[in-house]
Amino acid sequence: MTKHARLIKEANDQTLRYFTRRHFLTDCVKGLGAAAFSSFLASCGSSTKTLLDLAGNPMAPRVPQFPARAKAVIYLHMAGAPSQLELFDYKPALQKLHNQLCPPSLLEGKKFAFIRGVPKMLGPQAVFSQHGESRAWVSDHLPHFATMADDVSFLKAVQTDQFNHGPAQLLMQTGSARLGRPSIGSWVTYGLGSENDNLPGFVVLTSGGKTPDAGKSVWGSGFLPSVYQGVQCRTKGEPVLYLTDPEGMSRDLRKESINAINEINKQEYTTFGDPETLSRISQYELAYKMQISVPEVMNINTEPDYIHEMYGTQPGKESFANNCLLARKLVEKGVRFVQLYDWGWDSHGTDENLAIDYGFRNKCREIDRPITALLQDLKQRGLLDETLVVWGGEFGRTPMQENRDGKDMPFLGRDHHVEAFTMWMAGAGIKKGFSYGETDEIGYAAVKGKVAINDIHATILQQLGFDHEKLTYQFQGRPFRLTDTGGKVITPILS
Amino acid sequence: MFHFSTLRITVSLTITVGAGLLFAACHTDKKVDFSTEVKPVLNKHCISCHGGVKQNGGFSVLFREEALGITKSGKPAIIPGHPEKSEFIRRLTCKDPKERMPQKGEPLTSAEIDILTRWVKQGAEWGEHWAYISPKNVPVPDITITNGNEIDHFIQEKLKQEGLKPSPEADKMTLLRRVSLDLTGLPPTPEMAQQFAASTDEHAYEKIVDSLLQSPHYGERWAAMWLDLARYSDTKGYERDDSRKIWRYRDWVIDAFNNDMPYDSFTIEQLAGDLLPDPTRDQLIATAFNRNTMTNDEGGTQDEEFRTAAVMDRVSTTMDVFQGVTIACVQCHSHPYDPFRFEDYYKLMAFLNNTRDEDTHMEHPKLRLYDSVSTAEVKKVSDWVAQNGTTQQAKDIQEFLKVLEPKVHAHVADNYINGALLDTKYMGIRNNGSCRLPKQNLEGKTQLLMNYWTGSKGGSVEFRLDSLNGRTIIKHTLAPTNGRLAISMPLPPVTGTHDLYLIFRNPSLNPADAVCSVEWFAYRDDIPGKGKPGYDQINNTWLTLINQNPDDVPVMIENPPVMARITNVFERGNWMVKGKAVTPDVPHSLNPFPAKAPRNRLGFAMWLTDTKNPLTARVMVNRLWEQIFGTGIVETIEDFGTQGFTPSHPELLDYLAYQFMHKYKWHVKPMLREIVLSAAYKQSSASTPELQEKDPANRLLARGPHFRLTAEEVRDQALTVSGLLNRQLHGPSIMPYQPDNIWQSVWSGAYWKTADDGNQYRRAVYVFQKRTSPYPSMLSFDGSSREVCLQRRIRTNTPLQALVTLNDPVYVETAASLARHMLKNGGNDATAGIRWGYQTAMYKPLPENKLKVLQTLYNQALAEYKQKPAEADKLLQHKDNTPQKAELAALTVVANAIMNLDEFLTKS
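In order, the protein sequences belong to chains A and B.
Going by my numbering, the first sequence opens with residue 25, and the numbers climb by one from there.
Going by my numbering, the second sequence opens with residue 894, and the numbers climb by one from there.
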């Protein structure tokens, strides 16, 4: 066996031993005696992983099943589902059908969230052109991003089976449309731990003024231990809940009080010999460190001007741009999974903000520079090679114009569409300047290179060094996995 | 080809010889035990390819008839009595990797092969998994113990076998704190502690246990456990996650525990209280157990899809909670490991698939809780009906006024022309538009109620039979309403079932506007006694009652026979693909359906609580045990199936289950009493390196329980020792301090309003539970988001927990409050104050070495606050006017430290 293979095997054996749910923490510390106590405190932060480290820190970094292309993931979820037909899936034929009644063949046996009766077709509300050497079609809504076309792989024929936001977001983020499953980020930190002791391994940032439709469940840990749930970092108020010392409590005093707590806890440990006490001691130390490191990483004031210009960031504001910059900072610090949600993409045409010809344009403007800057910034720091960036919504939009409740809408809009939509991935072993999958000439149905949601999940895990069928967790009498009973790695987009 | 088959023959010959030798080597014909020896091997190595999900080669080892059946090769793989002729055995040992089983995994060990070989030789008998056989009256092990009760016979017998000794009894006050937290979720009151400390009565502990069991806080503590199982929440879940008023169910659970309602009644009332004869108000509220499923209000969602999802959740939850077996996987295929067939799931579902709730926005049916005036009106109406009609009619009208069922929801309508189901909730039809209510049975009905609202004059509705041009049965003007209004329209005699066509008109409207919105319809009889004096008044009273909006709570109401649903199997679990119809039944691998029980939810609940049911009592006593000791006798409290862990003390589990049913008649209090009076419970929880080595998880109980408090206990304890706790029971959920901008639900105007009327100091069990945004500090301590049934909280230990108890303003406030008492009780002596604070928190004196640490902290803090008085004021949230502000702030720092000690957060 090669050294690498042996290390991986050892790591896997360890993981298997320690991460059987049922003895989640207790087993790890079997054999622990008071004698080991002092060495535990001493070994904090050292690279050798002892039983005690794992007991104290289920977020300890772990080796994946095979060499990974990605060390971290930044997932940009456009909550509400942006229209692929105004961004990437260029359909001149649809323009010709604009305002004509939808042919019955597209409606028979189909269910839509809001379209009733016979709607009209809606031509693309954007000007498209080709970009880069890859000649990728990108609309004029994303002029900056278009310059990055040669860095990403487009998936043009993604399919889902959920046409309501809540269930579709859950499916996209947890692999199941029902509540109760762990999110992608939870699976990833469960599998890999975190590389930074002082920051959460799975961070969530939201913008657009709302949490996603499915609520905080989209970053929940489901049946995995709650230590793997996403930690929402906020750009307004405390960056992490309860992170700030109470008013009137100085840093020094806080330090002294944690020292006192831990000192007494050590005495307690010598009396009761419960390893959980040791664990608590290290968690209090970690909490203290987080109080410094989280505000530090969440503070963008100290970034140079050219960075602010690049991203379009304004310190102190809750914005997608700020979140993109934070995503880069977090990944740089070793955070494993950064999940961004930007709310407000549900372009039904019910009001101006949700109109495909108004609000949608503005939303595009809000993300165009930040996303471009994020990719460039990662690239210039050499991080893009080991950071997987994923962009997408929870479904697509119909080529038909929405006619909610059977009537004409005040603004142009498109209904939810499950049969084909576009996502893209970049970095960490993803092909550059590539496009996979095709839709029919009006962008209604996927015709080639279809991708299911659990294929996306399988691919993310693959790049992180996991066989998606083997990253499992025993629950309710069977092994569960992120991809449930499906999932195929999208090999054509891997370099 | 030739080469290959020759090779095969050679290989099998060798194997046969080899196997023959192996058989010869088995001198011992020791009888193998299927469930403890054979089944684990099958589960580990075979069943993932040859079980409920896959049957590769046409072979499965899930059921005996499948295992002995003909496989794809045309022959059976197992020939009972003849391992040498059984392909099943041959494949385990053969060398050819193409043939050897398991194909993907490591080969079986020789011990495992020996077990399987002997098993086939002995006839390949099937044995039942222990948990599917009813618990027997196990004799108490005949060993001498010095103290304790029957439980200790079981515990100490095992300890002896393992060469371990029980620990000495914990010190008195530690024990008091332990048992008080266990039984009431709160630390003891100072009075109780003083009394107990001073008492020399040898039965003092027993008396404390009895008084704790009588405490009204007992019910709150055990309700906290149950509400996770019942997935109780104050919101509906999914996208909009609007509020739901169902707290009366939470109070029902508290009361049921406080009244020590027997667990069989507790089960029956929650699952089928509405089907009991003349159910009481409480029995109806109990059925809200299964109305805690989520309701999806997101625009564009199909109610039937989410109704189905709710029913499926009820099937899983009911089996999870009462049977400790997971059945959710059976909705797609037979259970991979356990004897539950694909159809079993849908047969169970057929029991639960016949209630009136249909995922509507308004969450009908709801029990209407009339005030005393309206209750008298209801009685007046029903008395009139009894006098002028039959008692049956009187009962019927009472039922209707209670829940307004049966009614037909707008979402039933189809064939919309110039109209739609608005926001997929309400019928909205424009001028001259129409829709259809398919297959309505109006036979014998004399009036149609319609609940609608409109702001416009000039509207009308017409009802026609069978087509848009069919016979007109109703033509009615729709007056503008002030909010929703139910109106009564007379029906001519109609026989049989018909499609109803509804045409709405209002030419004065803008063509894009709907004539009105309609929520529901109901078909009723006239009140009898028409023409008699007072009739009109009674009729009016009746309609007024219907249009009242009293307080209410969602409940279960069974469909009347005309509305009964047929339950179909869903192919591969997909609700859109309906397979064959099934009738209600229980899995045959468990106890038989009771002979006299009705085939409905009530009968199903009776089956669950039949003393022959092998799981109900075991699962519940195991839950109680887990709450007390931190780990269940079956550690996987959620899985008693073959994939679950085997019990640490199987006989004890059966003993407890049997006592629970037969001696205690399903009463929980005496069961808990027996547990907490055991010597095992009263032991000191100090561990030793030896115990840590031999039994790190304390499964054998050579020491007492020692684990972190639950999310609820963490909050409640802090409130109690700080003297802030508001001990009020019951009522609407409360909103204590929560940071700003936590609630950001889409499309919901809901907001958090922090209580300042004393409700902010109430117990955690009353804190408002929002599914998509749970109360953050409780979530940090592994509290549940209540989206689905959670059977076991896995205890974690994270830095976020430390941040909560260090910094959350709730915990800063409790620390400051404790500090005020410390200052008062210590007078000018800070050390006395610190001692007092620790004593109050931990119920025992502060040891000197800990005192030193806290004194140092105090002095550091005092020095700092003397220098910076403004900071002291801030820490005290500007609430104090004492000249000793610096001292008080320094004590607050100390109190905050005490309330973050491991020993404080741990049940010791």
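The C-beta atom is built at its ideal place from N, Cα and C for all residues, glycine as well.
All figures in this text were calculated on a predicted structure; none of them were measured in a lab.
Do we get a CB-CB distance below 8 Å when we pair Gln-186/A with the residues of chain B?
no
Note down, in chain order, every chain A residue with its Cβ under 9 Å from the Cβ of Arg-1608/B.
The premise fails here: Arg-1608/B is roughly 14 Å from chain A at the closest Cβ pair, so nothing lies under 9 Å.
Of the choices Lys-968/B, Leu-1693/B and Asp-1103/B, whose alpha-carbon is the least far from that of Glu-980/B?
Lys-968/B
Residue from Leu-179/A, Ala-345/A and Ala-105/A whose Cα sits closest to the Cα of Thr-259/A
Ala-345/A
Cβ separation of Tyr-1731/B and Leu-1739/B, assumed to be a contact under 8 Å, to the nearest whole Å
4 Å
At a Cβ cut of 7 Å, what residues of the stretch 287-306 of chain A count as close to chain C, listed as they run along the chain?
This model lacks chain C altogether, as its protein chains are A and B.
Quick one, are the C-beta atoms of Tyr-1345/B and Val-1411/B less than 8 Å apart?
yes
Is it buried or exposed, Gly-406/A, if we count other Cβ atoms within 10 angstroms and call 16 or more buried?
exposed
What does Cys-1328/B pair with, by DSSP beta-bridge criteria?
As a beta-bridge residue in DSSP terms, Cys-1328/B pairs with Leu-1395/B.
Contact with chain A by Ile-1526/B, beta-carbon distance below 8 Å
It does not; no Cβ of chain A falls within 8 Å.
Suppose the cutoff is 6 Å on Cβ atoms and the five residues either side in sequence are ignored; what does the same chain contact list for Ser-1541/B look like?
Ile-1526 and Arg-1592
For Thr-1201/B, write down the residues that DSSP places opposite it in a beta bridge.
DSSP lists no partner for Thr-1201/B.
Would Ser-847/B be called buried (16 or more neighbouring beta carbons within 10 Å of its own) or exposed?
This structure gives no information on residue 847/B, because the portion of chain B shown stretches from 894 to 1801.
With a Cβ-Cβ cutoff of 8 Å, do Leu-349/A and Glu-327/A count as a contact?
yes
For Pro-528/A, count the other beta carbons within 10 Å of its own beta carbon; 16 or more makes it buried, fewer makes it exposed. Which is it?
Nothing can be reported for residue 528/A: it is not among the residues displayed for chain A, which extend from 25 to 519.
For Leu-121/A and Gly-1534/B, I'd like the C-alpha separation in whole angstroms.
Using only the alpha carbons, I get a separation of about 59 Å.
Opposite Leu-1622/B in the DSSP bridges: which residues?
DSSP lists no partner for Leu-1622/B.
Can you name the start and end residues of the beta strand (DSSP E) that Leu-229/A belongs to?
226-231
Determine the DSSP secondary structure at Leu-1794/B, reduced to helix, strand or coil.
Coil, per DSSP.
Use the C-beta contact count for Val-1146/B: other C-beta atoms within 10 angstroms, 16 or more gives buried, fewer gives exposed.
buried
Within 10 angstroms of its Cβ, does Asn-1185/B collect 16 or more other Cβ (buried), or is it exposed?
buried
Taking Pro-1669/B as the query, report the chain A residues whose CB atoms sit under 7 Å from its CB, ordered along the chain.
Leu-265
Contacting positions in the stretch 1579-1599 of chain B - beta carbon closer than 7 Å to chain A:
Ala-1579, Ser-1580, Thr-1581, Pro-1582, Gln-1585, Glu-1586, Pro-1589, Ala-1590 and His-1599
Step through the CB atoms of chain B and report whether any lies within less than 8 Å of the CB of Phe-384/A.
no
Among Asp-1206/B, Arg-957/B, Val-1214/B and Pro-1669/B, which residue has its Cα nearest to the Cα of Val-264/A?
Pro-1669/B
Does chain B have any CB closer than 8 Å to the CB of Met-314/A?
yes
State the Cα-Cα distance for the pair Met-894/B and Asp-989/B, rounded to the nearest angstrom.
With a pLDDT of 34 at Met-894/B, under the threshold of 50, the predicted position of this residue should be treated as unreliable, though the coordinate-derived value follows. Computed Cα separation, rounded: 16 Å.
Member of Asp-1609/B, Thr-1775/B, Glu-1531/B and Lys-1646/B whose CA lies at the smallest distance from the CA of Thr-1077/B
Asp-1609/B
List the residues of chain A whose Cβ lies closer than 9 Å to the Cβ of Gln-1694/B, in chain order.
Arg-304, Gln-307 and Ala-311
Comparing alpha-carbon positions, which option in Thr-1724/B, Glu-1780/B and Thr-1707/B lies nearest Asn-1793/B?
Thr-1707/B
Give the DSSP-derived three-state secondary structure of Asn-325/A in the structure shown.
coil
DSSP three-state call for Glu-1412/B: helix, strand or coil?
Annotated three-state conformation of Glu-1412/B is strand, per DSSP.
Determine contact between the stretch 1561-1581 of chain B and the stretch 1039-1051 of chain B, defined as no fewer than three beta-carbon pairs at a distance below 8 Å.
Yes: at least three Cβ pairs fall under 8 Å.
DSSP-derived helix/strand/coil call for Leu-75/A
Residue placement at Leu-75/A is poorly supported in this model, since its pLDDT is 32, which falls under 50; the coordinates are not used for a value here.
Short Cβ contact (8 Å threshold) for Arg-1494/B with Ala-1165/B:
yes
Sort His-492/A, Leu-488/A, Gly-510/A and Glu-493/A by Cα distance to Pro-88/A and report the nearest one.
Leu-488/A
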